[in-house]
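**Q**
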Amino acid sequence: MEFQRVFERVFAFEIAVASVVFALVLLGVVLAIFLSRKRSGDTRRRDSNKPLEIGYAVLLAGVAGVIVYVTASAHQEVQHGTTGYSVAEQRGATKVDVTAFQWCWEFQYPDTGRSVTGTCRDKNSGLPTLVVPTGQPVELRLRSSDVVHALWIPDKAIKMDVYPHHTNTLTVEFDEEGRWLGRCAEFCGPYHPSMHFWVRAVSPQEFQQFQQQGTVA
Amino acid sequence: MKPALVVLGWAGWNAVLMLVMIPYRENALFIGMYALAVSATAAAAGVVWLYRRSRRAEGPVRMAANSLSAGFLAVAVILAGSSVLFGQWLTGIAFYFAVAALLHVRRERVPAGALPGPTAVPTEPGVRDQRGVLPKAAKAAATAGLLTRALRTLTGRRKGAGR
Amino acid sequence: MTAELAVAEERELPRDRSLRSWLGTTDHKRIALLITAVALLLLFVAGALALTMRLQLAQPDQEFVTNDGYNQLFTIHGSAMIYLVVTPLALAYGLYLVPLQVGAPNVAAPRTTMLGFWLYLFGSVAIFSGFLTSGGAAKEGWTAYTPLSTSEYSPGMGTDLWVLGTFVTTVGMILVGGTVLWTALLKRARGMTMLRMPVFSWSVVATNLMVIAAFPSLLFALGLIAVGRMTPGLFDSNLYNIGYQHLFWFFAHPVVYVMFFPFVGAVAEVLATFAQRRFFGYTITVLSLLAFAGLSMSVWGHHMFTTGLVSDDYYSLTSILLIVPAGIEYFAFLGTIIGARLRFQLPMLFALAFILQFLVGGITGIMVASPVLDYQMHDSYFVVGHFHYTLVAGSLFGLFAGLYFWFPKATGVMLGRGLGHAHFWLMMVGTNVTFLPMFWLGIAGMPRRVASYLPTDGFSTFNLIASIGAGILGLGMLAFAVNVVRSLTKRKERAAPDNPWRAHTLEWATSSPPPPLNFDDKHPIPPIRSYAPLLDLRREREP
Numbered sequence: 001m002e003f004q005r006v007f008e009r010v011f012a013f014e015i016a017v018a019s020v021v022f023a024l025v026l027l028g029v030v031l032a033i034f035l036s037r038k039r040s041g042d043t044r045r046r047d048s049n050k051p052l053e054i055g056y057a058v059l060l061a062g063v064a065g066v067i068v069y070v071t072a073s074a075h076q077e078v079q080h081g082t083t084g085y086s087v088a089e090q091r092g093a094t095k096v097d098v099t100a101f102q103w104c105w106e107f108q109y110p111d112t113g114r115s116v117t118g119t120c121r122d123k124n125s126g127l128p129t130l131v132v133p134t135g136q137p138v139e140l141r142l143r144s145s146d147v148v149h150a151l152w153i154p155d156k157a158i159k160m161d162v163y164p165h166h167t168n169t170l171t172v173e174f175d176e177e178g179r180w181l182g183r184c185a186e187f188c189g190p191y192h193p194s195m196h197f198w199v200r201a202v203s204p205q206e207f208q209q210f211q212q213q214g215t216v217a
Numbered sequence: 001m002k003p004a005l006v007v008l009g010w011a012g013w014n015a016v017l018m019l020v021m022i023p024y025r026e027n028a029l030f031i032g033m034y035a036l037a038v039s040a041t042a043a044a045a046g047v048v049w050l051y052r053r054s055r056r057a058e059g060p061v062r063m064a065a066n067s068l069s070a071g072f073l074a075v076a077v078i079l080a081g082s083s084v085l086f087g088q089w090l091t092g093i094a095f096y097f098a099v100a101a102l103l104h105v106r107r108e109r110v111p112a113g114a115l116p117g118p119t120a121v122p123t124e125p126g127v128r129d130q131r132g133v134l135p136k137a138a139k140a141a142a143t144a145g146l147l148t149r150a151l152r153t154l155t156g157r158r159k160g161a162g163r
Numbered sequence: 001m002t003a004e005l006a007v008a009e010e011r012e013l014p015r016d017r018s019l020r021s022w023l024g025t026t027d028h029k030r031i032a033l034l035i036t037a038v039a040l041l042l043l044f045v046a047g048a049l050a051l052t053m054r055l056q057l058a059q060p061d062q063e064f065v066t067n068d069g070y071n072q073l074f075t076i077h078g079s080a081m082i083y084l085v086v087t088p089l090a091l092a093y094g095l096y097l098v099p100l101q102v103g104a105p106n107v108a109a110p111r112t113t114m115l116g117f118w119l120y121l122f123g124s125v126a127i128f129s130g131f132l133t134s135g136g137a138a139k140e141g142w143t144a145y146t147p148l149s150t151s152e153y154s155p156g157m158g159t160d161l162w163v164l165g166t167f168v169t170t171v172g173m174i175l176v177g178g179t180v181l182w183t184a185l186l187k188r189a190r191g192m193t194m195l196r197m198p199v200f201s202w203s204v205v206a207t208n209l210m211v212i213a214a215f216p217s218l219l220f221a222l223g224l225i226a227v228g229r230m231t232p233g234l235f236d237s238n239l240y241n242i243g244y245q246h247l248f249w250f251f252a253h254p255v256v257y258v259m260f261f262p263f264v265g266a267v268a269e270v271l272a273t274f275a276q277r278r279f280f281g282y283t284i285t286v287l288s289l290l291a292f293a294g295l296s297m298s299v300w301g302h303h304m305f306t307t308g309l310v311s312d313d314y315y316s317l318t319s320i321l322l323i324v325p326a327g328i329e330y331f332a333f334l335g336t337i338i339g340a341r342l343r344f345q346l347p348m349l350f351a352l353a354f355i356l357q358f359l360v361g362g363i364t365g366i367m368v369a370s371p372v373l374d375y376q377m378h379d380s381y382f383v384v385g386h387f388h389y390t391l392v393a394g395s396l397f398g399l400f401a402g403l404y405f406w407f408p409k410a411t412g413v414m415l416g417r418g419l420g421h422a423h424f425w426l427m428m429v430g431t432n433v434t435f436l437p438m439f440w441l442g443i444a445g446m447p448r449r450v451a452s453y454l455p456t457d458g459f460s461t462f463n464l465i466a467s468i469g470a471g472i473l474g475l476g477m478l479a480f481a482v483n484v485v486r487s488l489t490k491r492k493e494r495a496a497p498d499n500p501w502r503a504h505t506l507e508w509a510t511s512s513p514p515p516p517l518n519f520d521d522k523h524p525i526p527p528i529r530s531y532a533p534l535l536d537l538r539r540e541r542e543p
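Chains as they are written, first to last, in UniProt numbering: chain A, 1 to 217; chain B, 1 to 163; chain C, 1 to 543.
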């Protein structure tokens with residue numbers, strides 16, 4: 001799953017940078033505490049070091065530049081291509097109209113007119129299941145019928161807001177079969193905490209069967 | 001460094017950041033929103049500059065001796081706001097508080113003979129006058145070179161201000 | 001409250017201590033103390049709301065409070081902390097100290113400042129009085145996204161009062177910030193050039209620039225909600241929904257820095273004082289504060305990456321560029337303390353903890369500024385952990401560094417050391433135990449603003465740890481409250497000298513507490529030749 005791979009890669013990179021920065025500052029503080037125990041008095045009278053300061057600022061700008069480059073290019077990967085947050089109308093994509101409402105989800109398959117919905121009751125009962133084929137692009141067209149919601153599949157690092165009177169479209173692809181929990185991430189009222197759904201990725205054959213019969217084996 | 005220049009320089013830095021939005025194709029409405037804030041800040045710089053120019057800053061310190069009018073005015077404001085929720089009749093009461101504020105303002109002047117003594121003790125006679133520093137910079141403020149100029153001012157003045 | 005403040009007054013001089021004199025005061029110090037007293041009181045109230053939430057989340061699937069009740073708790077906790085506690089405290093610190101630090105007898109236009117206090121007070125009352133209405137207080141989060149906050153989805157007086165209270169409070173804050181900015185720019189003593197202002201005063205200048213540039217945007221956003229609550233059809237065009245978010249975050253990102261900058265300044269003063277040297281890298285720090293404040297105006301869209309409707313790359317760029325000014329500040333901090341003879345008194349402990357803890361908030365901030373990471377972390381507990389690290393582990397520690405530092409100046413009383421240490425250590429442990437697990441919760445998939453979770457979610461252990469931490473944090477705050485009350489009742493034994501810490505800036509040249517007009521014949525303004533005039537004086541006398 002592209003989104004998740006990119007997330008993990010960039011996250012590892014930023015954790016590494018963050019660890020180095022934290023270690024350096026920690027070292028500085030520990031050093032200051034350690035040095036202040038020395039017997040001799042503080043002899044420094046210098047309160048500024050222009051070349052050092054400017055050099056350091058340039059170094060910081062360089063670090064910032066690298067991080068900007070890494071994240072911006074990673075962002076391109078999840079925005080464009082065969083799948084991504086800005087991708088629509090891919091050839092052979094299975095289209096799903098996702099409607100979020102207070103407080104559950106409805107998944108409609110315009111190709112067959114099939115629709116799945118649920119009640120999203122307490123303790124994950126009555127959750128609707130979004131059935132998708134593996135190895136094929138799936139175009140999710142998100143729309144809300146009331147307030148702002150957000151579709152979030154934590155295990156796949158996918159999140160996009162769902163608006164009323166506006167459709168957000170993204171194309172995803174699942175490369176393995178399985179079942180994951182989806183959540184509403186944008187606070188939407190009293191039953192926001194139980195507004196979950198299942199995502200189930202099945203083989204294309206099983207998906208065909210689902211399209212025809214409305215059930216999955 | 002002139003105070004007006006600090007504010008204007010800050011507005012200029014924001015203007016630069018705002019202009020960078022254009023190649024990123026942000027919605028013009030929201031670039032406009034930023035532009036509005038930038039112009040408000042630039043206007044504030046103008047007010048600071050005008051105030052300094054009017055030399056009022058050098059007059060004797062005049063201070064109100066009481067601030068109850070502010071309390072009355074605030075009650076009027078909150079009542080007027082609540083009237084939207086609880087009924088228009090509250091505006092009537094708000095009106096009386098506004099009047100009370102207006103009447104009280106007149107009594108808040110420092111009574112004669114009770115003027116505060118000189119408090120800003122002159123500290124350093126030889127200090128360089130802040131006035132007249134960089135008058136041209138202020139005029140050329142809208143130009144793109146403003147930021148570098150402000151930077152140079154900062155570093156340049158530092159030598160005089162240093163220990 | 002008033003009694004507590006009244007004893008904070010001068011020992012010797014026949015000063016008017018009546019309630020009437022407080023309510024009609026034109027003294028910037030008294031106005032600042034009024035704001036501080038109300039805000040500290042509300043800090044405890046908002047903290048109690050947070051403890052109730054942590055109690056509810058300690059175990060999975062609890063029904064200690066209802067969903068509706070929980071939503072009120074987090075809405076009012078967030079609103080109170082941001083609109084009514086940390087922002088007012090940040091501005092009140094500036095209001096108290098800037099006139100002293102720049103050698104001015106008072107704030108410019110004290111009646112306007114006092115109007116700001118009253119509006120803040122009445123706004124706070126309005127927001128909290130929502131709890132007394134039949135439908136309860138506001139419950140759409142401190143962000144109050146439309147159309148959830150319209151009368152169609154959130155009917156009831158609670159939200160109306162929230163809109164009114166937030167609006168009025170914000171107007172008050174603009175007035176306070178504006179007058180303090182005016183003071184720093186135009187009311188400085190002779191010899192106090194812009195580049196001789198202490199770092200704290202500069203941080204307040206940067207803060208108040210953001211206040212005047214960004215806060216009006218919230219007024220427009222609240223106006224939009226108000227119109228939407230009267231004409232629900234307004235948000236049928238999604239432009240208004242996204243427009244609301246723009247207006248809101250254009251205020252709400254800079255406000256985070258408003259709640260942070262004065263405490264950076266406070267930490268800078270504390271570090272220089274307890275390192276017993278001049279603050280290192282003054283000029284570049286001042287420049288970076290201004291650049292920092294400017295950048296903070298341009299990053300608001302990073303709260304909206306997942307909307308699919310903003311130019312993510314721009315906001316990501318400006319957000320990541322914040323590394324530069326923030327890094328320079330850290331450089332100056334470390335340059336000030338490394339190699340110096342440090343004194344580890346209470347303000348210094350808080351300041352050192354601030355350096356390391358805020359860093360965690362800062363670097364996780366860079367993470368959520370990367371769109372690819374934010375798509376996963378947005379609206380999750382990772383973000384909750386991140387902003388609590390900036391605001392509690394960062395701002396509150398800076399606030400307490402400043403509070404222990406300036407309390408003797410403002411009240412003439414030293415705060416107790418024993419309880420102070422208890423406060424520091426409990427708060428330090430409690431903060432990290434509470435907020436560190438939240439990063440893992442977020443990555444594991446826990447959304448924010450949920451009243452409960454299931455045992456099958458796998459969130460139970462970390463939530464329990466966080467709740468225990470919150471209890472420790474609460475104990476620390478209790479120690480602080482006891483310390484303040486006890487110290488104020490022992491005025492005689494704990495009387496503070498004029499400059500108990502051997503600090504460097506002008507406020508320490510006057511008496512503790514300062515006379516009504518800050519400096520008088522007995523306490524004249526010393527010569528000002530740099531941003532550390534008292535240090536200069538000391539070096540002249542004892543070379």
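C-beta atoms are modelled at their ideal positions from N, C-alpha and C, and glycine is treated no differently.
Mapping DSSP to helix, strand and coil, what is Glu124 (chain B)?
**A** Position 124 of the second sequence, counting from 1, holds the residue named residue 124 (chain B). Any reading at Glu124 (chain B) is ruled out, since the residue's pLDDT is 39, under 50, leaving its predicted position unreliable.
**Q** Could you spell out the range, first to last residue, of the beta strand (DSSP E) harbouring Lys144 (chain A)?
**A** In the first sequence, residue 144 (chain A) corresponds to position 144, counting from 1. Checking the displayed sequence, the identity of residue 144 (chain A) turns out to be Ser instead of Lys. That run of the beta strand (DSSP E) goes 137-144.
**Q** List the residues of chain C that Thr112 (chain A) touches, going by C-beta distances under 9 Å, in chain order.
**A** As a first step, residue 112 (chain A) must be located in the first sequence, where it is residue number 112. Within chain C, no residue comes near Thr112 (chain A); the closest Cβ sits about 27 Å away, beyond 9 Å.
**Q** So does the region 90-99 of chain C actually touch the region 28-42 of chain C, counting three or more Cβ pairs closer than 8 Å?
**A** At 8 Å Cβ cutoff, the stretches touch.
**Q** Does Asp47 (chain A) have its Cβ less than 7 Å from a Cβ in chain C?
**A** As a first step, residue 47 (chain A) is located in the first sequence; it is residue number 47 there, counting from the start. So, interface residue.
**Q** Which residue or residues does DSSP assign as beta-bridge partners of Gly178 (chain A)?
**A** Taking the first sequence and counting its residues from 1, one reaches residue 178 (chain A) at position 178. According to DSSP, Gly178 (chain A) bridges with A:Ala201.
**Q** On the DSSP bridge list, what partners appear for Val131 (chain A)?
**A** Along the first sequence, read from residue 1 onward, the residue named residue 131 (chain A) stands at position 131. Its beta-bridge partners are A:Arg200.
**Q** Could you tell me the distance, in whole angstroms, from the CA atom of Leu8 (chain B) to the CA atom of Phe44 (chain C)?
**A** Locating residue 8 (chain B) in the second sequence gives position 8, counting from the first residue. Locating residue 44 (chain C) in the third sequence gives position 44, counting from the first residue. One C-alpha to the other measures close to 39 Å.
**Q** Looking at Ala74 (chain A): is its Cβ nearer than 7 Å to the Cβ of Pro137 (chain A)?
**A** If you number the first sequence from 1, residue 74 (chain A) lands on position 74. If you number the first sequence from 1, residue 137 (chain A) lands on position 137. No, the pair does not count as a contact, with Cβ atoms beyond the cut-off.
**Q** Assuming the contact rule is C-beta atoms closer than 8 Å, Met297 (chain C) and Pro325 (chain C) should be a hit. Round their C-beta distance to whole Å, please.
**A** The count along the third sequence starts at 1 and reaches residue 297 (chain C) at position 297. The count along the third sequence starts at 1 and reaches residue 325 (chain C) at position 325. Contact doesn't hold; Cβ gap of about 13 Å is too wide.
**Q** For Trp162 (chain C), does the count of other Cβ atoms within 10 angstroms reach 16, so buried, or fall short, so exposed?
**A** For the purposes of this step, residue 162 (chain C) is taken as the residue at position 162 of the third sequence. Result: buried.
**Q** What would DSSP say about Val310 (chain C), mapped onto helix, strand or coil?
**A** Mapped onto the third sequence, residue 310 (chain C) falls at position 310. Here Val310 (chain C) sits in coil by DSSP.
**Q** Less than 6 Å between C-beta atoms, sequence neighbours within five positions excluded: which residues of the same chain meet that for Ala141 (chain B)?
**A** To locate residue 141 (chain B), count along the second sequence from 1; it is residue 141. Reliability of the predicted coordinates at Ala141 (chain B) is poor, the pLDDT of 40 falling under 50, and the value obtained from them is presented with this limitation in mind. Closer than 6 Å at Cβ, skipping near neighbours: Leu8.
**Q** Using a Cβ-Cβ cutoff of less than 7 Å, which residues in the same chain neighbour Ala150 (chain A) once the five nearest sequence positions on both sides are dropped?
**A** As a position in the first sequence, residue 150 (chain A) is number 150, starting the count at 1. Excluding residues within five positions, the ones whose Cβ falls inside 7 Å are Lys159, Met160, Asp161, Val162, Cys184, Ala185, Glu186.
**Q** Are the Cβ atoms of Phe260 (chain C) and Ser395 (chain C) separated by less than 7 Å?
**A** Within the third sequence, numbered from 1, the residue matching residue 260 (chain C) stands at position 260. Within the third sequence, numbered from 1, the residue matching residue 395 (chain C) stands at position 395. Yes, Cβ-Cβ distance for Phe260 (chain C) and Ser395 (chain C) is below 7 Å.
**Q** Would you say Pro118 (chain B) lies against chain C (beta-carbon separation less than 7 Å)?
**A** Along the second sequence, one-based indexing puts residue 118 (chain B) at 118. Because the pLDDT at Pro118 (chain B) is just 43, under 50, the model does not fix this residue reliably, and the point stays unresolved.
**Q** Grab the span of the beta strand (DSSP E) containing Met160 (chain A) for me, first residue to last.
**A** On the first sequence, position 160 is the one that residue 160 (chain A) refers to. Here the beta strand (DSSP E) through Met160 (chain A) covers 158-162.
**Q** For a test of the three-state rule: what should DSSP assign to Gly9 (chain B), helix, strand or coil?
**A** Locating residue 9 (chain B) in the second sequence gives position 9, counting from the first residue. Gly9 (chain B): helix per DSSP, three-state reduction.
**Q** Work out the CA separation of Ile33 (chain A) and Val107 (chain C) for me, nearest whole Å.
**A** Along the third sequence, read from residue 1 onward, the residue named residue 107 (chain C) stands at position 107. Along the first sequence, read from residue 1 onward, the residue named residue 33 (chain A) stands at position 33. Approximately 38 Å between the Cα atoms of the pair.
**Q** Look at Leu473 (chain C) and Gly430 (chain C) and say whether their C-beta atoms are less than 7 Å apart.
**A** Against the third sequence, residue 473 (chain C) aligns to sequence position 473. Against the third sequence, residue 430 (chain C) aligns to sequence position 430. Cβ atoms of Leu473 (chain C) and Gly430 (chain C): closer than 7 Å.
**Q** Give the secondary structure of Met374 (chain C) by DSSP, where H, G and I count as helix, E and B as strand, and everything else as coil.
**A** As a first step, residue 374 (chain C) must be located in the third sequence, where it is residue number 374. Checking the sequence shown, residue 374 (chain C) turns out to be Asp, not Met. It is helical.
**Q** Give me the residue from A:Gln205, A:Pro154, A:Phe210, A:Arg143 with the minimum Cα distance to Tyr381 (chain C).
**A** Here residue 381 (chain C) refers to the residue found at position 381 of the third sequence. With distances taken between Cα atoms, Tyr381 (chain C) lies closest to A:Pro154.
**Q** Using the DSSP secondary-structure output, state which residues sit across from Phe101 (chain A) in a beta bridge.
**A** Against the first sequence, residue 101 (chain A) aligns to sequence position 101. Its beta-bridge partners are A:Cys104.
**Q** Skipping 5 residues on each side, what residues in its chain have a beta carbon closer than 7 Å to that of Leu342 (chain C)?
**A** Here residue 342 (chain C) refers to the residue found at position 342 of the third sequence. Contacts found: Phe274, Ala275, Met348.
**Q** Residues of chain B with CB closer than 9 Å to the CB of Val310 (chain C), please, in chain order.
**A** For this step, residue 310 (chain C) is matched to residue 310 along the third sequence. Result: Glu26, Asn27, Phe30.
**Q** At what residues does the beta strand (DSSP E) containing Asn168 (chain A) begin and finish?
**A** For this step, residue 168 (chain A) is matched to residue 168 along the first sequence. Here the beta strand (DSSP E) through Asn168 (chain A) covers 168-173.
**Q** CA-CA distance, Val121 (chain B) and Gly136 (chain C)?
**A** Looking up residue 121 (chain B) in the second sequence gives position 121. Looking up residue 136 (chain C) in the third sequence gives position 136. Bear in mind that the predicted position of Val121 (chain B) carries a pLDDT of just 41, short of 50, making it unreliable; the figure below should be weighed with that in mind. So the alpha carbons of these two residues sit roughly 55 Å apart.
**Q** Is the CB-CB distance between Val48 (chain B) and Ala15 (chain B) below 7 Å?
**A** Along the second sequence, one-based indexing puts residue 48 (chain B) at 48. Along the second sequence, one-based indexing puts residue 15 (chain B) at 15. Going by C-beta atoms, Val48 (chain B) is not nearer than 7 Å to Ala15 (chain B).
**Q** Considering only the beta carbon of each residue, do Lys409 (chain C) and Ser512 (chain C) sit closer than 7 Å?
**A** As a working mapping, residue 409 (chain C) is identified with position 409 in the third sequence. As a working mapping, residue 512 (chain C) is identified with position 512 in the third sequence. Yes, Cβ-Cβ distance for Lys409 (chain C) and Ser512 (chain C) is below 7 Å.
**Q** Mapping the DSSP letters down to three states, classify Trp152 (chain A) as helix, strand or coil.
**A** Indexing the first sequence from 1 puts residue 152 (chain A) at position 152. Trp152 (chain A): strand per DSSP, three-state reduction.
**Q** Pull up the distance between the alpha-carbon of Ala50 (chain C) and that of Leu415 (chain C), whole angstroms please.
**A** Position 50 of the third sequence, counting from 1, holds the residue named residue 50 (chain C). Position 415 of the third sequence, counting from 1, holds the residue named residue 415 (chain C). Taking the straight line from one Cα to the other gives about 26 Å.
**Q** Fully enclosed by the UniProt region "Disordered" (505-543) of chain C, which alpha helix (DSSP H) runs are 4 residues long or longer?
**A** List check, alpha helix (DSSP H) in window: 533-541.
**Q** Return no unless some Cβ of chain C is closer than 7 Å to the Cβ of Gly71 (chain B).
**A** Reading the second sequence from its first residue, position 71 is the one you call residue 71 (chain B). By this cut-off, Gly71 (chain B) is an interface position.
**Q** Flag Pro51 (chain A) as yes if its beta-carbon sits less than 7 Å from any beta-carbon of chain C, otherwise no.
**A** One-based indexing of the first sequence puts residue 51 (chain A) at position 51. With 7 Å as the cut-off, Pro51 (chain A) does not count as an interface residue toward chain C.
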